[in-house]
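Participant:
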Ligand code: NAD
Ligand code: IPM
Ligand code: MN
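Numbering (full-length UniProt numbering), first residue to last: 1 to 366.
1) Closest by CA to residue 164, which one among 121, 24, 203, 183?
2) With residue 243 as the anchor, note down where its alpha helix (DSSP H) starts and where it stops.
3) Which residues end up in the neighbourhood of the ligand MN when you take C-beta atoms closer than 6 Å to any of its heavy atoms?
4) Is there at least one non-hydrogen atom of the ligand IPM closer than 6 Å to the beta-carbon of residue 341?
5) Among all the DSSP beta bridges, which residues are the ones paired with residue 58?
6) Between the beta-carbon of residue 302 and the beta-carbon of residue 18, is there less than 7 Å?
7) Can we count residue 172 as close to the ligand NAD, meaning its CB is less than 6 Å from some heavy atom?
8) I'd like to know whether the C-beta atoms of residue 148 and residue 139 end up nearer to each other than 7 Å.
9) Determine the contact status of residue 306 and residue 38, defining contact as a CB-CB distance below 7 Å.
10) Per DSSP, which residues does residue 151 bridge with? Please list them.
11) What does the alpha-carbon distance come out to for the pair residue 287 and residue 95?
12) Pair every Cβ in the segment 112-127 with every Cβ in the segment 80-94, then say whether three or more of these pairs are closer than 8 Å.
13) Use the C-beta contact count for residue 27: other C-beta atoms within 10 angstroms, 16 or more gives buried, fewer gives exposed.
14) Identify every run of the alpha helix (DSSP H) within the segment 246-324, keeping only runs that are complete inside it and at least 4 residues long; order them along the chain.
15) Could you tell me the alpha carbon to alpha carbon distance between residue 285 and residue 251, rounded to whole angstroms?
16) In terms of alpha-carbon separation, which member of 201, 264, 227 lies closest to residue 240?
17) For the structure I just gave you, are there three or more beta carbon pairs, one from the segment 262-276 and one from the segment 215-234, closer than 8 Å?
18) Please list the terminal residues of the continuous alpha helix (DSSP H) segment that includes residue 48.
19) Starting from the C-beta of residue 246, find all residues in its chain whose C-beta is less than 8 Å away, skip the five residues before and the five after it, and write them out in chain order.
20) According to the Cβ coordinates, are residue 30 and residue 72 closer than 7 Å?
21) Is residue 130 a contact residue of the ligand NAD, with contact defined as CB to any heavy atom under 6 Å?
22) Just reading off the beta strand (DSSP E) that residue 131 is part of, what are its end residues?
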């Protein structure tokens, strides 16, 4: 049987830096009897520099063919003044939309060794393990009409929040399925108090919930949800929410774990002919232009995204556990990239030292 195929899209800024460390982990699994056919291509500003577009049709086609895509990060100040249609972020959004990756799983887990590193009190975050399911292919990110028009001699910026019942239904089912495998609690977040799309969201999620009688379903307005996530995040198990609220709430949740550099994600779509879901794995963080090129980036979010690929695309749950344990081990040993040390941090390890230590911990685990 052919090896599972992986398309790697390092992207911009720290994307290529963290991806170099993921490659070390992928290569290590290759030596352990789990080889992957890896190909690499361009996305974001790097693709724009090469082809004048943030994702070429050829790369899009490759992404549709492989078993899973692994993406670093896109964007950066160099591209901020480009026309909207060719901005690096459009490449990422095209991948999500055309692959129909509607369920974005963003787990926020606080490793014991980092419980002191969050900006919140230790007892608020110690042992935290929540999963945010963000709808990824609809809502205000994609709704029509959109654009900048002129009306009464002034410019008007327009975006439309739009959700169909079936779009809400399918992401809700993904979230309920996850809740069944976890703590059987699901909190749905919207703003049904001010938005019709929120009313529909609450309605459909409630309806889907009838198929999951074992899951305790609650609803919360997303603003109150943000407050509760910082007040007492351990009240949550799985959270399901729309594209924009999910974007905000997952960055917020990242800081509960100590750093945005820790949060992985899986963007999943419908099953392909081989039964595997269409899938792209990407850290939650961006291209971090402020630290790019300095060897300071934390590669853990991207490495844990590969762990999610092992689990969700390749049925290698044991190997995913092994990789997560290796990350936990190096953190317990005291290794910290600069982002985990705060403003006054001393003696951080570099991106590649962190990657090497994780591979060494994998080696020790066998
Ligand atoms: P960002 O996530 O790139 O950075 C926010 C802060 O977190 C910065 O201080 C950065 O140094 C830090 N940080 C992020 N990841 C880190 C890591 N792995 N290790 C250490 N520190 C890390 O967000 P931003 O600054 O708002 O955006 C920069 C660019 O990235 C923009 O062009 C934006 O559109 C893009 N972006 C891309 C993605 C993606 O590709 N998935 C996600 C978010 C932002
Ligand atoms: C993310 C990012 C993206 C988003 C951008 C870069 C398009 O912030 O993945 O969280 O807004 O979805
Ligand atoms: Mn974001």
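Glycine included, C-beta positions come from ideal geometry on N, C-alpha and C.
Facilitator: In terms of the structure at hand:
1) 203
2) Counting along the chain, the alpha helix (DSSP H) containing residue 243 begins and ends at 243-256.
3) Near the ligand MN, meaning a Cβ closer than 6 Å to any of its heavy atoms, lie the following residues in chain order: 247, 251.
4) no
5) DSSP lists no partner for residue 58.
6) yes
7) no
8) no
9) No, the pair does not count as a contact, with Cβ atoms beyond the cut-off.
10) 154
11) 17 Å
12) Taking 8 Å as the limit for Cβ pairs, the verdict is that the segment 80-94 does not touch the segment 112-127.
13) Burial state of residue 27 is exposed, judged by a 10 Å Cβ sphere holding fewer than 16 other Cβ atoms.
14) List check, alpha helix (DSSP H) in window: 300-312.
15) Rounded to the nearest angstrom, the gap between the Cα atoms of residue 285 and residue 251 is 8 Å.
16) The shortest C-alpha to C-alpha distance from residue 240 to any of 201, 264, 227 is the one to 201.
17) no
18) 45-51
19) 104, 106, 132, 133, 134, 135, 136
20) no
21) no
22) 129-135
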